[in-house]
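Novice:
Protein chains in written order, with our numbering: chain B, 1 to 116; chain A, 1 to 111.
1) Reducing DSSP to helix, strand and coil, say where residue 65(B) ends up.
2) So, under 8 angstroms CB-CB, residue 31(B) and residue 112(B) are touching, yes? Tell me the CB distance rounded to an integer number of Å.
3) Does the Cβ of residue 79(A) have 16 or more other Cβ atoms within 10 Å, making it buried, or fewer, making it exposed?
4) Please go through the same chain and pick out, in chain order, the residues whose beta-carbon is closer than 8 angstroms to the beta-carbon of residue 65(B), but skip the five residues on each side of it.
5) With a threshold of 8 angstroms between beta-carbons, can residue 56(A) be considered close to chain B, or not?
6) Residues of chain A with CB closer than 7 angstroms to the CB of residue 107(B), please, in chain order.
7) Could you spell out the range, first to last residue, of the beta strand (DSSP E) harbouring residue 28(B)?
8) Would you please state the rounded distance, in angstroms, between the beta carbons of residue 4(A) and residue 101(A)? I believe it to be under 8 angstroms.
9) If the criterion is Cβ atoms closer than 8 angstroms, does the pair residue 75(B) and residue 29(B) meet it?
10) Where does the unbroken beta strand (DSSP E) through residue 45(A) begin, and where does it stop?
11) Taking 8 angstroms as the threshold (beta carbon to beta carbon), is residue 43(B) in contact with chain A?
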């Protein structure tokens, strides 16, 4: 099956700093990647949709200047949390969708961010 | 507003029991319904359902969709402790692949 990786798997940063999370599709080309956030005991909430070569589309309530998304190639999307605050601490998960007929999404293993 | 509702939110059973998880949805433009299993990390794909009444099966897990009544069920027979996880239901509402997730059902299987 298709494999999606994320890096780092966990990160601790100080309040006010920025953190970059990478999402890579390892064995397929992902025309679309999605970024989700999951708080403890809650479901996945879509933050933004990232299409290769174009600007990301953000969901309502998600600050695009705070969560910068870049989808520079068909195998890589990055999410940068700028000026992180403790309330940004969460589990960030990306998923990638290829061009198969099934339109399945493949999830990365997630990145746990802790802001101190 | 599009929404996906799962029930129950949590469930505790003993090994060998059979469980049924429910997922109902209201979306404007349905394309497919997906079930995922989430343990410590990101969700892993179980099933994708697009047509009513056709059961999908994988080992002890099976799922079926009712597009008239707008719901799906996930059945797990002869449960094992390794089935303990959060089961997520999501609907693709045909907006470029966006998935709308339900709250999840936390299943705990006791030995």
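Heads up, the beta-carbon is just placed ideally off N, CA and C, and yes, glycines get one too.
Since this is a predicted model, take the numbers as computed values, not measurements.
Specialist: In terms of the structure at hand:
1) Working through the first chain from its first residue, we reach residue 65(B) at position 65. Note: residue 65(B) maps to coil in three-state DSSP.
2) On the first chain, position 31 is the one that residue 31(B) refers to. On the first chain, position 112 is the one that residue 112(B) refers to. Incorrect: roughly 27 angstroms between the Cβ atoms, too far for contact.
3) The sequence position of residue 79(A) within the second chain is 79, counting from 1. Classification for residue 79(A): buried.
4) Indexing the first chain from 1 puts residue 65(B) at position 65. Result list for residue 65(B): 82, in chain order.
5) On the second chain, residue 56(A) is found 56 positions in, with the first residue counted as 1. No, no contact with chain B.
6) Here residue 107(B) refers to the residue found at position 107 when the first chain is read from its first residue. The contacting residues are 42, 43.
7) The residue given as residue 28(B) occupies position 28 in the first chain. Premise fails: residue 28(B) is in no beta strand (DSSP E) and is neither H nor E.
8) For the purposes of this step, residue 4(A) is taken as the residue at position 4 of the second chain. For the purposes of this step, residue 101(A) is taken as the residue at position 101 of the second chain. That belief holds up - the Cβ atoms of residue 4(A) and residue 101(A) are roughly 6 angstroms apart, short of 8 angstroms.
9) Along the first chain, read from residue 1 onward, the residue named residue 75(B) stands at position 75. Along the first chain, read from residue 1 onward, the residue named residue 29(B) stands at position 29. Contact: yes.
10) Here residue 45(A) refers to the residue found at position 45 when the second chain is read from its first residue. Run containing residue 45(A): 44 to 49, per the beta strand (DSSP E) assignment.
11) Along the first chain, one-based indexing puts residue 43(B) at 43. So, interface residue.
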